Structures are given as structure tokens and as C-alpha cells.
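Undergrad: Can you read through this structure? Questions will come right after.
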Amino acid sequence: RKYAKGEAGGGAMAGVLGRVARTSVPRLTGLGEGLGARPGPAQIEGARHASLQTVKQRMRSVANIMKITKAMKMVAAARMRGAQTRVEKSRGMREAVFRMVGDSPAAEGVEKVVTVPVSSDRGLCGGINSAVNKYVKTLNELNEGESSSMVVVGEKSRSGLQNTLGTQFSHSFVDGTKSAGGFSLASTICEDILQQEHDAVRVVYNRFKSAISFEPTLATSLAPATLETSGFSQESDKYEVEGPDRSELLTDLSEFSLAVTFHNGFLENSCSEQASRVQAMENSSKNASEMLEKLTLMYNRTRQAAITTELIEIISGAAALEG
Numbered sequence: 025r026k027y028a029k030g031e032a033g034g035g036a037m038a039g040v041l042g043r044v045a046r047t048s049v050p051r052l053t054g055l056g057e058g059l060g061a062r063p064g065p066a067q068i069e070g071a072r073h074a075s076l077q078t079v080k081q082r083m084r085s086v087a088n089i090m091k092i093t094k095a096m097k098m099v100a101a102a103r104m105r106g107a108q109t110r111v112e113k114s115r116g117m118r119e120a121v122f123r124m125v126g127d128s129p130a131a132e133g134v135e136k137v138v139t140v141p142v143s144s145d146r147g148l149c150g151g152i153n154s155a156v157n158k159y160v161k162t163l164n165e166l167n168e169g170e171s172s173s174m175v176v177v178g179e180k181s182r183s184g185l186q187n188t189l190g191t192q193f194s195h196s197f198v199d200g201t202k203s204a205g206g207f208s209l210a211s212t213i214c215e216d217i218l219q220q221e222h223d224a225v226r227v228v229y230n231r232f233k234s235a236i237s238f239e240p241t242l243a244t245s246l247a248p249a250t251l252e253t254s255g256f257s258q259e260s261d262k263y264e265v266e267g268p269d270r271s272e273l274l275t276d277l278s279e280f281s282l283a284v285t286f287h288n289g290f291l292e293n294s295c296s297e298q299a300s301r302v303q304a305m306e307n308s309s310k311n312a313s314e315m316l317e318k319l320t321l322m323y324n325r326t327r328q329a330a331i332t333t334e335l336i337e338i339i340s341g342a343a344a345l346e347g
């Protein structure tokens, strides 16, 4: 009985092992075919077709991007011409104010300073916004002893300076650079600046020099009390002024100087933005054209290789049939 039970148990075990083997062998065989066997002609043709389709889609995408960058370049060039005209007109008023009150970017001896970085609201215009942000950070490090606040103009300076100098923000203005800023817009922003107690206002912007050259610039407007102690007070004593008293004259002159300085800086930065965007879109179009040429060459080579392989297979098959 023990032998019979053992035989019966062994038969049951053998049956289980047999079922495991029957279910396992096809999986191992399929794995071996997937690893070691050569793909058939249909699989090769499908892979070539997929590769050609992928390259063709990339070519189409790059061509569409190149159309967009060329269109953006043309729009930026048209806007730059109008902005350049406005900049040239604003420089005449700024130079007249500078001849009257002087230009003192350092503004030594002041305690309370309001810094106004001017940037753009849109990107895709090169590194002009990062240049302004770096300039403001360096200026803040050099004047650590001053009590400074910040009025930010433009989305790019607001987002770029938020992490490091966000505690100094008092006001921020965005979406103003998307349109041609007039003197009324500059006056509105300057009214908010004048609400803060200050000895000087520093405006940081990109000065437009040419279509390929612009540099970060610092322009300073002094408060009435600072004008009284500056060299302007001695020069103004040489002239006889009729109308308001001296304190009111200095207040009006300081406010007008701030509005003119900010208005000119705003227009200079807008013109620099469009000029930088023209360069950026031109470089992007050039890179897209080079990439499209490489993809076209890759596509043609892949297609020619597929045709050559098909011809070789046809000739080999015909030779095999003849043999």
C-alpha cells in the first residue's frame, strides 16, 4: 500500500511537472526567438517606414518653427523702427534736463534710494533682461549701507529679482511694455514712485546704441532736498527766477526730471528689446535652417538605403530562383 501510495504520489507529481514543462517550454522558445532569431522582411520594412515617418515629422516641425521665427523677426523689425523714432525724440528732452540739473549716476551721500529696473514683459529677446537684473544685483551689493526700495517695471525683472531682492519690492508694473509707452504712462508710474520717501531715484535700463548694440545704463534723478545740496543750487543762484519760491521750483524741477528720465529709459529699453528680438529670431531661423538641411539629408539617405536594400533583395531572390 505504501508503494502504491508512493507511486500514486509520484505519478501526481510527474503530472504536475509535465504540465509546468508544457506551459514553460513555449515561453522559453518564444524568448529565444525574440533574442536570437533574425527579423523578417515585414518587420524590417515596418521599422524603415517608422524611421522615415519620424524624420519627416521632425522636418515638418522644424519648418513650421522657422516660419514662425521669420515672421516674428519681421514684426520686431517693424516695431523697432517706430521705437527708434520715439527714442530719438525723447533724447532731446532728456539731454536738456541733464544740462540743467546735471547727471550724477553715483548720487553720493544719499541715504534713501528707490531703484527702478526697467525690463520687458515678453521673452525671446536675448539677454537684455538678465543684463538689467545682474546690474541691479551688483548695484545693491555695492550700496549695502543705503536704505533702498524697489519699483519694478516689467514681468522679467519682477520674476528674475523676486527670489533675491523680493523683500525690497514696493510696487511692480507689468504689461506696460506691450504697447508704445507714452509720457502719460511714465507720469503715472512716477506718481507712485514719488509717494515713497527718497533722496534719489535710480533708473536701470538698456540704452539703445544701434541695431546690434545696447548697454545697461544707470540714470539718477535727485529729490528736491538733494538738489538743494548739490552743485545745481550754486549754478541756479546765478539766475533770477520769477514765479514760485525756491522750494516749489526745486520740487517741480525734481518731479519733471524724474518723469523725463524714466520716460526716456522706458523707450530706450523698449527699442533695445525689439532690436534684441530681431537678432534672436534671426539666429533661431538660421539654426532651424541648418537643422532642416541635416534632417533632409538624413531622410534622403535613409530612403535611398531602403530602396537599395529592396533592390538587393529582389535581385537575390531572382538569382535564387534561376539557380
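Residue numbers for the sequence shown follow the numbering used here, beginning at 25 and rising by one. Backbone N, C-alpha and C fix where the C-beta goes; we use that ideal spot for every residue, glycine too. Note that this is a predicted model, so its numbers are computed, not measured.
Taking the alpha carbon of LEU163 as the point to measure from, which residue in GLU279, GLU346, PRO240 has its own alpha carbon closest?
TA: Within the sequence shown, numbered from 1, the residue matching residue 163 stands at position 139. Of the listed residues, the one whose Cα sits closest to LEU163 is PRO240.
Undergrad: Looking only at DSSP bridge pairs, what is GLU239 linked to?
TA: In the sequence shown, counting from the first residue as 1, residue 239 sits at position 215. GLU239 is bridged to ARG231.
Undergrad: Look at the alpha carbon of GLN303 and the alpha carbon of LYS97, and state the distance between them as a whole number of angstroms.
TA: Residue numbering aside, residue 303 sits at position 279 when the sequence shown is read from its first letter. Residue numbering aside, residue 97 sits at position 73 when the sequence shown is read from its first letter. For GLN303 and LYS97, the distance between alpha carbons rounds to 8 Å.
Undergrad: Buried or exposed for ALA120, going by 16 or more other Cβ atoms inside 10 Å?
TA: Reading the sequence shown from its first residue, position 96 is the one you call residue 120. Classification for ALA120: exposed.
Undergrad: Got a sec, what are the start and stop residues for the beta strand (DSSP E) THR139 sits in?
TA: Walking along the sequence shown from the start, residue 139 turns up at place 115. 136-141 is the extent of the beta strand (DSSP E) around THR139.
Undergrad: Between the C-alpha atoms of ALA61 and LEU319, what's the straight-line distance to the nearest angstrom?
TA: What you label residue 61 is simply residue 37 of the sequence shown in a count that begins at 1. What you label residue 319 is simply residue 295 of the sequence shown in a count that begins at 1. Any reading at ALA61 needs caution, since the residue's pLDDT is 47, under 50, leaving its predicted position unreliable; the model's value is listed next. So the alpha carbons of these two residues sit roughly 32 Å apart.
Undergrad: How would you call SER340, buried or exposed, if buried means at least 16 neighbouring beta carbons within 10 angstroms?
TA: In the sequence shown, counting from the first residue as 1, residue 340 sits at position 316. With fewer than 16 Cβ atoms within 10 Å of its Cβ, SER340 is classed as exposed.
Undergrad: Out of GLN192, ARG327, ALA107, THR244, state which residue places its alpha-carbon closest to the alpha-carbon of VAL284.
TA: Sequence index remark: in the sequence shown, residue 284 carries index 260 (1-based). The candidate whose alpha carbon is nearest that of VAL284 is THR244.
Undergrad: If you run the structure through DSSP and keep just helix, strand and coil, what is VAL198?
TA: Taking the first residue of the sequence shown as 1, we reach residue 198 at position 174. Three-state result, VAL198: coil.
Undergrad: Span of the beta strand (DSSP E) holding SER203?
TA: Looking up residue 203 in the sequence shown gives position 179. No beta strand (DSSP E) holds SER203; DSSP gives it neither H nor E.
Undergrad: Taking the alpha-carbon of GLY200 as reference, which of LEU291, ASN307, ALA342 has the nearest alpha-carbon?
TA: Taking the sequence shown and counting its residues from 1, one reaches residue 200 at position 176. When each option's Cα is compared against that of GLY200, the closest is LEU291.
Undergrad: Can you pull the DSSP bridge partners for ARG226?
TA: Against the sequence shown, residue 226 aligns to sequence position 202. According to DSSP, ARG226 bridges with THR139, THR244.
Undergrad: If contacts are defined as beta-carbon pairs under 8 Å, then VAL227 and VAL142 qualify, I think. What distance do you get, rounded to the angstrom?
TA: Your numbering for residue 227 matches position 203 in the sequence shown. Your numbering for residue 142 matches position 118 in the sequence shown. Contact holds; Cβ gap of about 7 Å.
Undergrad: Confirm, please, whether the CB-CB distance from SER278 to ALA235 is below 7 Å.
TA: Sequence index remark: in the sequence shown, residue 235 carries index 211 (1-based). Sequence index remark: in the sequence shown, residue 278 carries index 254 (1-based). In this structure, SER278 does not lie closer than 7 Å to ALA235 by Cβ.
Undergrad: Along the chain, where does the beta strand (DSSP E) containing SER208 start, and where does it finish?
TA: For this step, residue 208 is matched to residue 184 along the sequence shown. Premise fails: SER208 lies in the alpha helix (DSSP H), 207-218, not in any beta strand (DSSP E).
Undergrad: Would the beta-carbon of HIS222 fall within 7 Å of that of VAL138?
TA: For the purposes of this step, residue 222 is identified with residue 198 of the sequence shown, where counting begins at 1. For the purposes of this step, residue 138 is identified with residue 114 of the sequence shown, where counting begins at 1. Closer than 7 Å, so yes.
Undergrad: Roughly how many angstroms separate the alpha carbons of GLN77 and GLN328, rounded to a whole number?
TA: Here residue 77 corresponds to residue number 53 of the sequence shown, with the count starting at 1. Here residue 328 corresponds to residue number 304 of the sequence shown, with the count starting at 1. Going from the Cα of GLN77 to the Cα of GLN328 covers about 14 Å.
Undergrad: With burial defined as no fewer than 16 other Cβ atoms inside 10 Å of the residue's Cβ, what is the status of MET305: buried or exposed?
TA: Here residue 305 refers to the residue found at position 281 of the sequence shown. Classification for MET305: buried.
Undergrad: Could you compute how far the alpha carbon of SER154 sits from the alpha carbon of THR191?
TA: One-based indexing of the sequence shown puts residue 154 at position 130. One-based indexing of the sequence shown puts residue 191 at position 167. Going from the Cα of SER154 to the Cα of THR191 covers about 19 Å.
Undergrad: So, helix, strand or coil for SER154, using DSSP?
TA: Within the sequence shown, the letter at position 130 stands for residue 154. SER154: helix per DSSP, three-state reduction.
Undergrad: Please classify ASN324: is it buried, with 16 or more other beta-carbons within 10 angstroms of its beta-carbon, or exposed?
TA: Along the sequence shown, one-based indexing puts residue 324 at 300. So ASN324 ends up on the exposed side.
Undergrad: Assuming MET90 and LEU316 make a contact with CB atoms under 8 Å, what is their CB distance in whole Å?
TA: Here residue 90 refers to the residue found at position 66 when the sequence shown is read from its first residue. Here residue 316 refers to the residue found at position 292 when the sequence shown is read from its first residue. Correct: roughly 7 Å between the Cβ atoms.
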